[in-house]
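Worksheet: the structure to be examined is printed underneath.
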Amino acid sequence: MAILILHHRIEQLAFMKSRFYAKGVIMKSFVTLCTIMLLAVGANVMGALNLYCGYDYAGDTIDGQSSGNDIGLLESWSASGFGLGSGSLDYPLNAGFSTLGNRVVAYSSVQITGSRQMASAAEIDLGVDKDYYISYLLRKDGNRYVGFQLNGVGVPFIEMGIGHGNDFRVCVEDEGCVEAEFDAVAGSTYLIVCKIEARVAEDDKIYMKIYENTEAVDINEPLESEYDVSNSANLGGTYDTVLFRSNAEVNLEVDELRIGDYWYDVAYGSPEFAYDPYPANGATAVATDPELNWQSANSSATYDVYFGTDPNSLSQVATSISETSWPLSSLSVGTQYFWRVDTVSGATVVTSEVWTFTTAGKAENPKPENNSENNSVNPQLTWSGNPLSDSYDIYFGDSAQNLNFVSNVTEESYQITDALNEDSVYFWRIDTLDSEGNLLETGDVWQFTTGSLFAYWKLDKDSGTNVENAITTGVDGTIVAPNNDYSREAGVLGKALRLSPIDQTNDNGPRIELQDIGSNAGINTDKATIGMWLYLDGPQQDPTGLFINRGTGTGFWMAGSNRHLRYMWDGGNYGSDITLPLNKWVYLAWVVEPNKASFYLFEDGEVRSWVNSQSHGLNAFSGPTRIGAEVLPRDRFFKGLIDEVRVYNRPLNLSEVQDVYEQSSIAKYPNPLNGEINVPTDLTLEWMQGTGMVSQDVYLSTDPDFTGESPVATGVVSESWPISDLDLDMEYYWRVDTVTDANSIQGNVWSFETIPPKAYDPTPSNDAVDVAPDQDLSWTPAPGGPYEHQVYLSTDLTEVNERQAAAYQGEFSSATFDPADLEWNTKYYWAVDEYDGANLYSGELWNFTTITPVCDPPLAADLNGDCIVTMDDFSVMALQWLQCNLVPVEACP
């Protein structure tokens with residue numbers, strides 16, 4: 001038995017449990033003809049058999065004939081080229097068809113050239129979202145291609161049969177053919193079954209399955225959707241011609257051509273055969289009062305229904321009914337039942353297969369699936385409910401014998417909010433309850449393992465090219481370095497791999513190569529996290545691959561002179577604004593979720609992040625993967641250290657990424673922060689110590705390279721070290737090296753700047769208000785000294801900011817200045833610069849606002865509010881004399 005799938009890429013083949021899948025189409029040949037019988041759709045008739053050609057003619061000449069729905073013109077054929085066989089071809093075992101009538105035979109004595117066709121009114125409309133099934137019997141001798149063809153105007157012809165030689169194949173016009181590695185044996189009979197899925201353009205599919213006459217035909221359709229392969233042709237359209245073609249002298253025999261809507265129509269059973277049961281065969285969680293339904297193409301038949309719990313001893317529950325349905329009631333919950341339907345047509349009884357279903361009882365279809373691995377630490381438990389249940393009791397625990405009640409819910413899901421332990425096995429059970437809270441069924445106990453790493457390359461080996469995966473089921477990698485330009489050095493945790501490309505051309509640089517890291521672990525996901533430690537040795541190639549899986553178009557790299565991070569997924573290419581720094585250890589994590597992706601970059605305890613809201617499809621991480629280089633032979637090789645590469649099959653949140661970052665031997669989280677300014681000259685250096693620390697060496701210097709310098713402290717086991725008497729206005733560099741049992745890991749270099757010699761603590765204080773106009777200005781001189789104090793004061797911010805002469809008040813030895821009488825209700829700006837005779841240190845910009853005077857107590861005759869009674873007030877009074885405030889206004893003189 002064999003199966004072929006049509007695909008527009010000829011080179012693609014997929015093999016199943018049957019002998020083969022492949023794609024194809026057949027070209028010119030000669031034609032044999034059939035009688036077409038269209039079955040009308042009635043109330044109790046499936047009507048799914050659109051075309052039935054039994055080849056049951058008599059005589060030596062087949063002329064144009066009409067039957068049923070105006071078949072149309074059939075070309076005439078002489079007996080010298082075609083005729084009728086003495087009987088029908090035999091179906092394979094258990095096919096369920098009657099052996100009816102004759103078959104058409106094309107004799108080898110005549111070669112027919114040209115194209116002869118039958119134009120039929122029985123149009124086959126392959127519209128969008130329409131499936132059609134085709135089958136026929138075939139036997140031939142010879143070594144040329146033969147087969148069945150559908151043709152029409154404006155649509156590509158479709159052909160299925162035997163190709164050059166004796167191999168089966170399927171073809172579509174302008175799409176080419178795919179030949180399978182399964183040959184037809186001369187004289188053997190084959191049942192060929194095809195399925196055509198007509199969808200939108202570039203998403204059509206064709207399958208073909210071949211049964212030998214010694215094989216049993218599948219009762220249920222074996223063409224599974226997971227083997228669908230799209231093609232670029234648009235098969236949607238009207239086909240009005242059916243042909244059998246051959247291009248050479250062969251003995252070709254065909255019989256029983258059928259075109260229908262379902263597998264049952266063409267591959268199993270006669271038109272009297274009952275099929276397509278409801279509840280579907282194998283259905284679960286079925287109500288206890290279901291109505292049995294089935295399909296039949298025989299409108300005149302009656303049906304006998306058999307039912308029970310023993311498939312070998314079914315009881316007859318319905319006799320000679322004309323409907324294709326039968327109601328049941330009061331079935332037991334959680335019980336498996338069996339049934340069949342006998343189709344009775346006169347004296348002929350055709351027995352269907354025995355179907356089964358199970359009534360609702362236990363909860364089923366758990367998610368996470370039973371015995372599944374690599375699940376989230378915050379999984380959502382879901383299940384298929386029982387239609388008879390009103391609620392569910394949830395039991396959960398770390399032992400099948402010790403499950404704890406968690407909750408009663410009415411929905412068929414429950415979210416675990418408290419994170420579970422990674423790499424741990426958990427057990428759970430769902431009990432079904434009725435509306436009164438009574439137990440219906442105790443559920444099965446399911447289990448799952450929480451997700452974690454499916455790949456972890458520590459890079460800790462001292463020698464050799466093997467890169468061991470710490471996950472025992474994972475894939476090991478290989479260091480490939482044609483110029484041996486790599487080395488092992490101390491890393492953030494144990495050893496690290498240094499890549500030092502000598503030759504950046506072609507494929508000559510060093511890298512780690514891997515193969516099928518995801519498919520080997522059974523991973524196919526739209527959720528993943530990839531993390532690694534990186535130390536960039538100076539400028540990099542543009543772009544430079546970091547982790548690239550070319551098989552699925554997945555990975556991340558840095559691009560441009562600014563080394564911005566980018567990633568691709570499903571072939572999409574996305575750029576971030578995160579730049580990788582040079583000459584220091586950083587931890588990078590790339591987190592992918594169904595609807596977004598994130599970069600997290602940890603540098604000296606601080607994290608930078610970037611999020612891209614973008615959908616991501618499933619990804620199997622199959623094919624070749626490279627770490628430290630592009631997959632294709634290009635000059636894109638990483639230069640620096642790589643350590644602790646991890647791949648998860650789930651998205652880690654920021655807290656989890658931070659936990660991984662902290663699982664390293666390198667010191668981190670410096671205080672003062674890296675690059676901090678205005679640091680006191682007496683302080684305590686602080687940090688988080690690294691994993692596996694035995695002791696630490698602290699370095700402090702004004703030289704960022706610490707050239708020739710010894711540590712200021714050794715053997716430190718705490719996470720701090722005090723220092724004092726630092727110089728003012730000086731940039732200092734420091735680092736903490738971690739000493740472990742295995743080696744010493746040099747820490748990142750951090751820096752800070754001590755406070756410069758500036759005046760501080762001003763009086764009035766900065767931003768003060770209600771300052772008296774006779775206030776003296778004072779301040780605390782900068783540390784060090786002595787200094788001369790240059791004072792700037794003005795109501796103009798720019799004059800003070802730019803130290804203009806208009807604001808300059810003079811240079812003073814004491815830390816005080818009398819500005820004399822200031823204006824009322826005015827904002828002033830001022831600054832004090834410190835001068836030590838050689839250097840001038842600019843001070844901070846301060847400001848204050850003088851008080852606004854108020855009249856206390858108010859003067860009765862002060863009509864204009866200036867707190868002084870003058871002739872101006874009498875002028876106001878004279879104006880008021882001219883006013884008339886009588887109401888109504890007409891009363892004014």
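So in this note's numbering, the last one in the sequence shown is 893, and the numbering has no gaps at all.
Yeah, the Cβ is synthetic: ideal placement off N, Cα and C, and Gly gets one too.
Proximity of residue i and residue j at Cβ, strictly below 8 angstroms
i: Tyr426; j: Phe454; result: no
i: Tyr574; j: Gly531; result: no
i: Asn375; j: Pro368; result: yes
i: Asp516; j: Gly623; result: yes
i: Val749; j: Lys639; result: no
i: Thr529; j: Leu652; result: yes
i: Tyr699; j: Glu686; result: no
i: Asn619; j: Trp569; result: yes
i: Ile642; j: Leu497; result: yes
i: Thr754; j: Asp737; result: no
i: Asp604; j: Asn674; result: yes
i: Glu513; j: Thr478; result: yes
i: Ser407; j: Ile416; result: no
i: Arg488; j: Phe637; result: no
i: Asp821; j: Asp770; result: no
i: Val647; j: His616; result: no
i: Val694; j: Val739; result: yes
i: Arg199; j: Asp261; result: no
i: Ile158; j: Leu235; result: yes
i: Glu323; j: Trp263; result: no
i: Gly152; j: Gly237; result: yes
i: Val377; j: Thr302; result: no
Own chain partners of residue i with C-beta closer than 6 angstroms, once the 5 adjacent residues on each side are dropped
i: Ser66; result: Its pLDDT being 29, under 50, Ser66 is placed unreliably by the model, and the measurement read from it follows with that caveat. Same-chain partners within the cutoff: there are none.
i: Leu331; result: Thr288 and Thr359
i: Pro311; result: Phe338 and Val354
From the options, residue whose alpha carbon lies closest to that of residue i
i: Pro501; options: Trp750, Gln541 and Ser188; result: Gln541
i: Ser345; options: Gln336, Ile321, Glu221 and Asn466; result: Ile321
i: Thr356; options: Ser842, Lys362, Val350 and Val341; result: Val341
i: Asn671; options: Pro680, Ser598 and Asp276; result: Pro680
i: Thr714; options: Tyr733, Ser744 and Met730; result: Ser744
i: Trp590; options: Asp526, Val178, Pro888 and Thr478; result: Asp526
i: Ser300; options: Ala274, Glu468 and Ala285; result: Ala274
i: Glu802; options: Asp833, Val480 and Val172; result: Asp833
i: Pro539; options: Leu582, Leu499 and Gly551; result: Leu582
i: Glu436; options: Thr348, Asp659 and Thr410; result: Thr410
Residues near residue i in its chain [Cβ-Cβ closer than 7 angstroms; skip 5 each side]
i: Glu197; result: Asp131, Asp204 and Lys205
i: Ile896; result: An answer regarding residue 896 cannot be provided, because it is not within the stretch 1 to 893 covered by the chain.
i: Ala363; result: Trp383, Ser384, Gly385, Asn386, Tyr392, Ile430, Thr432 and Gly443
i: Ser609; result: Ser598, Phe599 and Tyr600
i: Thr579; result: Asn562, Arg563 and His564
i: Pro290; result: Pro279 and Leu328
i: Glu630; result: Gly545, Ile548 and Arg636
i: Val889; result: none
Bounding residues of the beta strand (DSSP E) (the contiguous stretch that carries residue i)
i: Asp276; result: Tyr275 to Tyr278
i: Thr850; result: Trp846 to Thr850
i: Val170; result: Asp167 to Val172
i: Lys362; result: Counting along the chain, Lys362 falls outside any beta strand (DSSP E), and DSSP gives it neither H nor E.
Cβ neighbours of residue i in the same chain (closer than 8 angstroms, five flanking residues each side left out)
i: Leu777; result: Pro762, Thr763, Pro764, Val791, Leu793, Thr816, Phe817, Asp818, Pro819 and Trp830
i: Leu654; result: Tyr600, Val607 and Ser609
i: Asp862; result: Cys855, Ile868, Val869 and Asp873
i: Glu811; result: Glu788, His789, Gln790, Val791 and Tyr835
i: Ser188; result: Arg139, Glu212 and Asn213
Any chain D beta carbon closer than 8 angstroms to residue i
i: Leu314; result: Among the chains in the structure shown there is no chain D, since it carries only a single protein chain.
Unbroken alpha helix (DSSP H) run spanning residue i, endpoints
i: Trp881; result: Met871 to Trp881
i: Leu654; result: Leu654 to Glu662
i: Glu799; result: Leu797 to Asn801
ask   = Can we say the segment 836-844 touches the segment 751-762, given the rule of at least three CB pairs closer than 8 angstroms?
value = Yes: at least three Cβ pairs fall under 8 angstroms.
message = Under 8 angstroms, with one C-beta from each stretch per pair, do the segment 846-863 and the segment 822-829 reach the 3-pair mark?
response = Touching, per the Cβ criterion.
ask   = Using 8 angstroms as the Cβ pair cut-off and three pairs as the minimum, do the segment 484-494 and the segment 662-670 touch?
value = Contact holds: three or more Cβ-Cβ distances are below 8 angstroms.
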